[in-house]
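Visitor: In the numbering used here, the protein residues as written are 1388 to 1703. Using N, Cα and C, we set each Cβ at its ideal position, and we do this for glycine too. Bear in mind that the values here come from a model prediction, so they are computed numbers and not experimental data.
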Ligand SMILES: Cc1cc2nc3c(=O)[nH]c(=O)nc-3n(C[C@H](O)[C@H](O)[C@H](O)COP(=O)(O)OP(=O)(O)OC[C@H]3O[C@@H](n4cnc5c(N)ncnc54)[C@H](O)[C@@H]3O)c2cc1C
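Take a look at the structure:
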């Protein structure tokens, strides 16, 4: 059996890795020069850097087992610290009650508590949107001054049309009440958002996918870099071959795609109009990541720090 996998990001590489355990004709086609997709690790100034911060965390034991199978003992646990720079103050993310309330000042903090109390008396009923879900758990005021601005700026979608699933995934069953309890009595380990350590592989996040690529090749498969797939060819409605940008056509029994869905649909023949429209309506949010090369001398560190603060102020 011959299988082609489009894209060498985590999804494509994991599919290829699992299949390579059973069959040898696995060919991965990746448009870029390296594996890992958005989770790759690149060389920069003789350093390895990830594409922004990448933390591995999953509730799914199958995912954790697979990760450990690939990484083995070559990882370590790292303390996590994520903060949102908002209104010239650093807010812990996930939210920490004491930090959030002191950052806001006494009046705003008091009004947050009042709105939280009101929410407890008369809870928001529609929790199908991000807005409803967060308001229900944190109160209207905290939602407005913290979650709404940050989320809309980050994702570019109004919170009242953003699905609640989005919040549920990131904030889990956390609420202002829980945050206060945690501040007073500590974290009992119940809340996933409060996990303050994460597993990080030696050599960067991309190491996982580099190892998977090595495994696939050892098992007889191939990982073709700089090989963008132009389109998928079908016969009687079944995918049977791919055409590369250079015009090469390769036949396969199965084709797995992990490239962006909208691009994939645009490259398939005979797609019904409603599917085309649905795919075209999907939007992308771009991220620009700035890497700063700061010399390890104290005055450079100070200049670097001032530079970052200036940028943050400007972005804000
Ligand atoms: C700044 C940032 C931080 C993140 N932090 C985290 C985190 O902490 N934890 C976490 O779990 N996730 C994080 N993510 C998300 C994570 O990176 C993605 O969920 C993951 O990379 C998605 O994997 P994927 O294989 O589906 O897609 P991708 O990683 O996008 O891989 C798709 C691959 O397909 C290739 N491709 C596209 N078109 C073609 C074509 N025509 N032919 C061949 N190949 C093609 C692309 O080049 C790419 O390599 C973060 C993402 C970003 C941007």
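Check the DSSP bridge columns for residue 1428 and list the partner residues they point to.
Guide: If you number the chain shown from 1, residue 1428 lands on position 41. Per DSSP, 1437.
Visitor: Using only alpha-carbon positions, find the residue among 1413, 1587 and 1611 that is nearest to residue 1436.
Guide: Residue 1436 sits at position 49 when you count from the first residue of the chain shown. Looking at the Cα atoms, 1587 is the closest of the given residues.
Visitor: Relative to the C-alpha of residue 1523, which residue among 1504, 1448 and 1532 is closest?
Guide: Numbered from its first residue, the chain shown carries residue 1523 at position 136. With distances taken between Cα atoms, residue 1523 lies closest to 1504.
Visitor: Suppose you measure from the CA of residue 1631 to the CA of residue 1614; what does that come to, to the nearest Å?
Guide: The count along the chain shown starts at 1 and reaches residue 1631 at position 244. The count along the chain shown starts at 1 and reaches residue 1614 at position 227. Approximately 7 Å between the Cα atoms of the pair.
Visitor: Out of 1444, 1654 and 1621, which has the shortest C-alpha to C-alpha gap to residue 1585?
Guide: Working through the chain shown from its first residue, we reach residue 1585 at position 198. That would be 1444, whose Cα lies nearest to the Cα of residue 1585.
Visitor: Which same chain residues end up closer than 7 Å to residue 1486 when comparing Cβ atoms and leaving out the 5 residues on each side of it in sequence?
Guide: The residue you call residue 1486 lines up with position 99 of the chain shown. Excluding sequence neighbours, residue 1486 sits near 1478 and 1479.
Visitor: What does a CB cutoff of less than 8 Å around residue 1515 pick up in its chain, not counting 5 residues either side in sequence?
Guide: As a position in the chain shown, residue 1515 is number 128, starting the count at 1. Result list for residue 1515: 1550 and 1551, in chain order.
Visitor: Going by the DSSP bridge assignment, what does residue 1463 pair with across the sheet?
Guide: Within the chain shown, residue 1463 is the residue found at index 76, counting from 1. Looking at the DSSP assignment, residue 1463 forms a beta bridge with 1587.
Visitor: What do you reckon, is the C-beta of residue 1497 under 7 Å from a heavy atom of ligand 1?
Guide: Your numbering for residue 1497 matches position 110 in the chain shown. No; taking the cut-off as 7 Å, the Cβ of residue 1497 has no heavy atom of ligand 1 nearer than that.
Visitor: Find the nearest neighbour of residue 1696 within the set 1672, 1473 and 1506, judged by alpha-carbon distance.
Guide: One-based indexing of the chain shown puts residue 1696 at position 309. With distances taken between Cα atoms, residue 1696 lies closest to 1473.
Visitor: Would you kindly check if the distance between the Cβ of residue 1637 and the Cβ of residue 1629 is under 8 Å?
Guide: Taking the first residue of the chain shown as position 1, residue 1629 is located at position 242. Taking the first residue of the chain shown as position 1, residue 1637 is located at position 250. Yes; because the gap between Cβ atoms is below 8 Å, this pair is in contact.
Visitor: Given 7 Å as the limit, tell me if residue 1417 has its C-beta closer than that to any heavy atom belonging to ligand 1.
Guide: Residue mapping note: residue 1417 aligns to position 30 of the chain shown, counting from 1. Correct: residue 1417 has its Cβ closer than 7 Å to ligand 1.
Visitor: Return the CA-CA distance between residue 1699 and residue 1407, expressed in angstroms with no decimal places.
Guide: Taking the first residue of the chain shown as position 1, residue 1699 is located at position 312. Taking the first residue of the chain shown as position 1, residue 1407 is located at position 20. Each residue's Cα considered, the two are about 45 Å apart.
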